[in-house]
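One structure is given here, and the rest of the page talks about it.
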Amino acid sequence: MNNINTSERLKTTKASTWLADNIVTLIFVAFTLFGFFVSDGVTVNFFLTELSSRFFRNAFLVLSLIIPVVAGLGLNFGIVVGAMAGQIAIAIVRFFELGGVSGLLLTMFLALPIAGLFGYFTGNLYNKTRGQEMIASLIVGFFANGIYQFLFLVVVGVIIKVPANHPMIKPDGVGVRMSVDLVSYEDGGLKYALDKIWEIPFMWAILILFAFILLLQVWKILRNKKNPVLYRYNKTTTLLYIILSVVMIGISIYAISTNSTLMMVRKVPVITSILIAALCLFNELILKTKLGQDFRSVGQSQHIAEVSGINVDQTRIIATIMSTIFASWGQIMYLQNMGTLNTYGAHTQIGMFSVAALLVGGASTQKAGVKHAIIGTLLFNSMFIMSPEIGLSLFGNALLGEYFRTFMVYGVIGLALGLHVWRTNKSNEITLD
Amino acid sequence: MVQAKDKKTTKNIINKIGLPTLIIGTFWIILLIMGGALGISIKTLVSDTIKRAGMNGILVLAMVPSIQSGTGPNFALPVGIVCGLFAIVWSIEFGFTGWSWLFVAIILAIIFAVIVGYFYGRLLNAVKGSEMTIATYTGFSIVAFMCLPWLMIPFKSTNMGWFMGTGLRETIQLDAIGGQHILSKFLSFSLFGEDGLITIGGESGIIIPTGMLLIFFLCCFIVWVYFRSKSGIAISAGGSNPMFAQSSGINIDRCRIKANILSTVMGAIGIIVYSQGYGYTQLYTAPLMMAFPAVAAVLIGGATASRARVSHVIIGVIIYQGLFTTALPVANQMFEGTDLSEILRMVIQNGIILYALTQVKGGDK
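Protein chains in written order, with this note's numbering: chain A, 1363 to 1795; chain B, -3 to 361.
Structure representation (structure tokens):
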């Protein structure tokens, strides 16, 4: 509907538009830096350990939000439904006491049809609530939670008979326990089944990551040399990336060679990183296919897409199904890292937190990319780590920081959505004039 | 011929009452009959239903002005609720007790709610087209934000602080300041009690909390009259056909602000009436989800996301509260140890909101 650069429409200076576009991101950067400044309890090691484990836990879920935004469905709070599908799959696998890598693969395989079905239903619902998808997706999460509880508290035990002495089932034989231990990887369970396949030290991961970025930039420049018209690149950003990579490579080589305290940061799970990278790549590549182009045209104008022969309803349903399936896998990756299935609570907050993270990265209801998801997940989780520390060091009360953290989650969603709608309305008025 | 005519009238009746109202109403009556058959006291059930309908009534009433003005159900009801809570807390802090506590709280609540409601209305005017989503998050944010003042403002009153440290308690007992059931007990009487047909101040049988019902009906009456005044009709006109209203010289933005101020004020008074009926005031994250039952209740009463009347509120709140007061003991008797009534509440409450959303006309296509 409105993908033209806002500054052109508003005829304002570029700097002020840039500020308005990135205000949420800037608030979070400032907040995290402020946190480092005032609190002395947080060491770099503690911070990086926390951040990296939280990042690998949440990134996949945040990335699952991108396709619906491209397809014009807005922010899909309904990934909660996908998370439920993931948990149903985990519960089945846990019940039969399967585990390990094969168990994990089975879980993901089981989650696929369940999440697909749920996605199909929610997609149909979004087609019926056109224009109000975001509030509908929020409410459908609450609605599905009721059905989920019915399934786990009543159906398991009353309709599906289960042995009461199973560690997952409540002592009276009806319903699943509040929290279910997923049994650690060594004992043939699901805990860390993905993370523990292969781990490398944190600084090595940094070294590899930035070496890769450096190579990418060099490749871009070489490509540009060969054919300057076809392959363009932005000189300043490329230069910035190169400087950043060189500095980070330097730091990591120094840390590795001197075996400094930075080597004590928690190890990085390789397979999880590869899966996250694969989803990033998928989100980028799908836009180059026919389906991805359909997503885009539907996202820009449903009417024009319809006229040009795209089946709008079907495209929107496909986008929702994809998002739901990725969310279910994301939830499985999240839970294998947590190690316990909090049966009735693990999924409830997922929608809000993931949406907030994406928005912090600079996304809006009509524009979201891999970049926003990655930056957002990092910044949002930094805020999460720092909040209690700031509350403790400024007011002597960690509880205050936790309340503040909750406020930031809701506030950031409200602010980002409100600002976006306000600016869209304003620019539409200008076009009308 | 006769049959065809009959069919038409049944259809008319269904259309007039509304399908959701009919289905959920019937469900409630079936549950009541089941409850009677299981030996649960119908008198207690009816008594509880009236009590809870009275407690929640004004909160549900807050939906009418915002729906009529075209901003959709007031998902930001917590904004009004927080104003009411703030007023309650200050009224206790100033040392008022009993009736004076109630009046000071209500007056303060109206003042806070008018100011806050004005800015909330301005906000909704800036985000036309996505009011419901933004309203939900405005409500969530304000509840989360108010957790900080509850913890930080150095209140002195011993009736509401923790025994050690600073900050307010999560639940404040109102009996310490004589505010518990102050309205509910006022002129209350019971029907079919042990001591005869009508007992003033009786404790058995069907208890009628006269004072609480009076203030609920008073608020209903005020809203009903207001929507028959010039200003109220302008609000309804702006909500149902903005283009037409604009061309007949109505300032729609002003109307929307007025309606949302009224809605916020109702939310603020509503939580005071709720708290006295409950006996406790709940702070911190307690109001977070309070908008959804209220929205569901007015929708069950027959309202849509764009049309609502006071009669919808009264019918809706009785059916909604009646259904869940009945469902709890019935479900507990039939399936022991399960939390079936809570599950039922989640499914019905959110199902009805989703149904209403599918009826909203709009969007790109």
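Quick reminder that beta carbons are idealized off the backbone N, C-alpha and C, glycines included.
Please tell me whether Lys47 of chain B and Pro205 of chain B are closer than 8 Å, where the distance is taken between their beta carbons. yes
Examine chain A for any beta-carbon lying closer than 8 Å to the beta-carbon of Met128 of chain B, and answer yes or no. yes
Going along chain A, which residues have a C-beta under 7 Å from Asn346 of chain B? Ile1501, Phe1504, Phe1505, Gly1508
Within 10 angstroms of its Cβ, does Phe1572 of chain A collect 16 or more other Cβ (buried), or is it exposed? buried
Measure the CB-CB distance between Ser1690 of chain A and Gly1448 of chain A and report whether it falls below 8 Å. yes
Which ranges does the alpha helix (DSSP H) cover as unbroken runs of at least 4 residues, wholly within the region 1630 to 1657 of chain A, from first to last along the chain? 1632 to 1647
Can you find the residues in the same chain that come closer than 7 Å, C-beta to C-beta, to Ala1526 of chain A, ignoring five residues on each side of it along the sequence? Pro1533, Asp1534, Gly1535
For Asn1703 of chain A, would you say it is in contact with chain B, using Cβ-to-Cβ distances shorter than 8 Å as the test? Just to set this straight, residue 1703 of chain A is Leu in the shown sequence, not Asn. False, the Cβ-Cβ gap to chain B never drops below 8 Å.
Interface residues of chain B around Val1442 of chain A at Cβ under 9 Å? The contacting residues do not exist; Val1442 of chain A stays about 12 Å from chain B at best.
Interface residues of chain B around Asn1787 of chain A at Cβ under 8 Å? Ala122, Val123, Lys124, Gly125
Specify, as a first and last residue, the run of the alpha helix (DSSP H) that Val110 of chain B falls within. 94 to 122
How long is the line joining the alpha carbons of Gly135 of chain B and Ala292 of chain B, rounded to whole angstroms? 16 Å
To the nearest angstrom, how far is the alpha carbon of Thr132 of chain B from that of Tyr280 of chain B? 17 Å
Evaluate the contact criterion for the region 317 to 336 of chain B versus the region 1502 to 1516 of chain A: three or more CB pairs, one atom per stretch, below 8 Å. yes
If we require 3 or more residues per run, which beta strand (DSSP E) segments fall completely within the region 1509 to 1591 of chain A? 1541 to 1543
In chain B, what lies closer than 7 Å to Ala1718 of chain A by C-beta? None at all; the shortest Cβ gap to chain B is about 10 Å.
Among residues of its own chain, excluding the 5 on either side of Asn1407 of chain A, which ones have a beta-carbon nearer than 8 Å to its beta-carbon? Thr1623, Leu1624, Met1626, Val1627
Any residues in the region 1509 to 1520 of chain A with a beta carbon nearer than 8 Å to a beta carbon of chain B? Which ones, in chain order? Ile1509, Gln1511, Phe1512, Leu1515, Val1516, Val1520
The alpha helix (DSSP H) with Ile204 of chain B in it runs from where to where? Element bounds for Ile204 of chain B: not the alpha helix (DSSP H) but the beta strand (DSSP E), 202 to 204.
Under a CB-based cut-off of 8 Å, is Asp171 of chain B close to chain A? no
Between Ala58 of chain B and Ala304 of chain B, which are expected to be in contact by the criterion C-beta below 8 Å, what is the C-beta distance as a whole number of angstroms? At roughly 11 Å, the Cβ-Cβ gap does not stay under 8 Å, so Ala58 of chain B and Ala304 of chain B are not in contact.
Within-8 Å CB hit, Val309 of chain B to chain A: no
Val1424 of chain A and Ala1640 of chain A: beta carbons closer than 8 Å? no
Determine contact between the region 54 to 73 of chain B and the region 253 to 262 of chain B, defined as no fewer than three beta-carbon pairs at a distance below 8 Å. yes
List the whole-angstrom C-beta distance separating Leu1544 of chain A from Leu1466 of chain A, where the pair is believed to meet the contact cut-off of C-beta under 8 Å. The pair is not a contact, with the Cβ atoms about 10 Å apart (cut-off 8 Å).
Could you have a look at Phe188 of chain B and say whether DSSP puts it in helix, strand or coil? strand
Nearest-angstrom Cα distance between Glu166 of chain B and Phe320 of chain B? 25 Å
At the 8 Å Cβ level, is Met342 of chain B part of the contact set with chain A, yes or no? yes
Return the CA-CA distance between Ala1473 of chain A and Lys1588 of chain A, expressed in angstroms with no decimal places. 46 Å
Proximity to Arg1492 of chain A [Cα-Cα], best of A:Leu1410, A:Met1700, A:Arg1678, A:Gly1758: A:Arg1678
Below 8 Å, can you find three or more Cβ-Cβ pairs linking the region 115 to 128 of chain B to the region 169 to 185 of chain B? no
Assuming Phe288 of chain B contacts Gln355 of chain B under a Cβ cut-off of 8 Å, what Cβ separation, rounded to an integer in Å, is found between them? Not confirmed; about 18 Å, so no contact.
Opposing strand residues paired with Leu1460 of chain A [DSSP bridges]: Answer is none; Leu1460 of chain A lacks a bridge partner.
Give, in chain order, every unbroken run of the alpha helix (DSSP H) that is at least 4 residues long and sits entirely within the region 211 to 257 of chain B. 226 to 236, 238 to 243
Contact set between Tyr270 of chain B and chain A, taken where Cβ atoms lie within less than 9 Å: Per Cβ cutoff of 9 Å: no residues; Tyr270 of chain B is ~21 Å from chain A at best.
For the beta strand (DSSP E) holding Tyr280 of chain B, just list the boundary residues, first then last. Looking at the DSSP string, Tyr280 of chain B is not in any beta strand (DSSP E), and its letter there is neither H nor E.
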